[in-house]
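Enquirer: Quick one: this structure, given as structure tokens, is what I'll be asking you about.
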Amino acid sequence: MKTEVYDHFHPDERDFVDKAWEWVERAGQFHEMKLTDFLDPRQAYILESIMNRRNDVQIHLDGGFASAERKRALVAPDYAYLEEESMELAVLAITSADQKLLQLEHGDYMGALLSLGLKRGKIGDIHVLDDGCHTVVAKEVADYLSIHLHQVHRVNVFTDILPIDQLRTSEVSLQMMDLTVASLRLDGISSDVYRLSRSKILIPIKAGRCKVNFRVVEDPSKALQAGDVVSVQGLGRFKVLEIDGVTKKGRFRVKVGRFV
94 MKTEVYDHFH PDERDFVDKA WEWVERAGQF HEMKLTDFLD PRQAYILESI MNRRNDVQIH
154 LDGGFASAER KRALVAPDYA YLEEESMELA VLAITSADQK LLQLEHGDYM GALLSLGLKR
214 GKIGDIHVLD DGCHTVVAKE VADYLSIHLH QVHRVNVFTD ILPIDQLRTS EVSLQMMDLT
274 VASLRLDGIS SDVYRLSRSK ILIPIKAGRC KVNFRVVEDP SKALQAGDVV SVQGLGRFKV
334 LEIDGVTKKG RFRVKVGRFV
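Heads up: the sequence shown is residues 94 to 353, going by this note's numbering.
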């Protein structure tokens with residue numbers, strides 16, 4: 094039965110499919126509850142797809158605020174009342190007296206947190222604020238992060254642990270780009286966004302280091318459409334905001350927002 098499920102997902106996703114299958118099966122057969130690490134939207138979709146094969150299992154997702162991208166999942170029997178279950182979320186508040194703090198970006202905070210040796214799954218959404226950063230983290234690692242995080246990109250910082258209801262969120266910051274491209278192919282748009290030659294952008298795509306809507310895509314000819322989110326490992330990510338017609342020379346006008 095599980096091998097049939099593999100056909101619906103990329104081979105690189107099989108390890109997670111195996112985990113999700115086990116969580117769902119144990120909830121249904123043995124009435125166990127499982128609180129996962131933070132899942133990206135693709136992983137949440139896979140988990141929900143597997144859950145939908147059963148009618149005796151439910152899932153509750155929570156990332157600390159309504160529009161969170163990364164969320165923890167609570168997998169449980171269908172009769173369990175999950176609204177009163179703790180999702181074990183905390184806020185790591187990062188501040189500094191150094192004025193250089195204002196120059197720090199999302200990637201700087203992410204790099205500093207991951208350099209402490211934790212898995213990405215223990216860290217939720219990161220909100221860069223005017224006076225620092227609020228990061229949603231798994232409660233079980235909050236103390237560890239608070240004790241060991243002293244610098245972010247050579248800026249000395251202070252940390253505090255707050256309850257999740259004190260989370261301050263920030264709007265996603267996008268660098269707007271107006272492109273005219275020969276086609277809507279993944280490699281063509283990506284090469285313009287990252288300012289790389291077509292031959293160079295093919296390397297990470299074919300190596301499986303590119304995701305479209307959080308799903309690994311290795312086909313450089315894949316056509317992008319409005320709403321697609323593309324990420325390339327080591328290069329960042331962007332969102333196709335709008336496809337605005339065709340020029341007289343037959344090129345596509347594309348509006349893109351690059352995450353900063």
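Here a beta-carbon is modelled for each residue, glycine too, at the ideal position from N, C-alpha and C.
Applying the criterion that 16 or more other CB atoms from any shown protein chain within 10 Å of the CB defines a buried residue, is V339 buried or exposed?
Expert: Per the 10 Å Cβ criterion, exposed.
Enquirer: Any chance you could list the alpha helix (DSSP H) runs of at least 4 consecutive residues sitting entirely within the segment 220-281, in chain order?
Expert: Segments of the alpha helix (DSSP H) lying fully in the segment 220-281: 232-241.
Enquirer: Quick check: the Cα distance between I187 and D223, rounded to an integer number of angstroms?
Expert: Answer to the nearest angstrom: the Cα atoms are 11 Å apart.
Enquirer: In chain order, what residues of the same chain lie with their CB nearer than 8 Å to the CB of E303, ignoring the 5 residues before and after it?
Expert: Checking the sequence, you will find Cys at residue 303 rather than Glu. Cβ neighbours of C303 beyond the five flanking positions: L279, S283, P297, V309, V310, E311, V323, S324, V325 and Q326.
Enquirer: Alpha carbon to alpha carbon, how far is E233 from S276?
Expert: Each residue's alpha carbon lies about 47 Å from the other.
Enquirer: Measuring alpha carbon to alpha carbon, tell me which of Q196, E181 and Y287 ends up nearest F131.
Expert: That would be E181, whose Cα lies nearest to the Cα of F131.
Enquirer: What number of angstroms, rounded off, separates the C-alpha of I240 from the C-alpha of I257?
Expert: So the two alpha carbons sit approximately 19 Å from each other.
Enquirer: A183 by DSSP, collapsed to three states: which one?
Expert: Three-state DSSP puts A183 in a strand.
Enquirer: Do you know how far the Cα of P170 is from the Cα of G320?
Expert: Computed Cα separation, rounded: 34 Å.
Enquirer: Please go through the same chain and pick out, in chain order, the residues whose beta-carbon is closer than 7 Å to the beta-carbon of G214, but skip the five residues on each side of it.
Expert: Answer for G214: D130 and F131, listed in chain order.
Enquirer: For V333, count the other beta carbons within 10 Å of its own beta carbon; 16 or more makes it buried, fewer makes it exposed. Which is it?
Expert: The residue is buried, with at least 16 neighbouring Cβ atoms inside 10 Å.
Enquirer: Would you mind giving the Cβ-Cβ distance between V110 and D191, rounded to the nearest angstrom? I have them listed as a contact below 8 Å.
Expert: Between D191 and V110 the Cβ distance is about 44 Å, and since that is not below 8 Å, they are no contact.
Enquirer: Which stretch, first to last residue, makes up the beta strand (DSSP E) that contains A169?
Expert: K164 to P170 is the extent of the beta strand (DSSP E) around A169.
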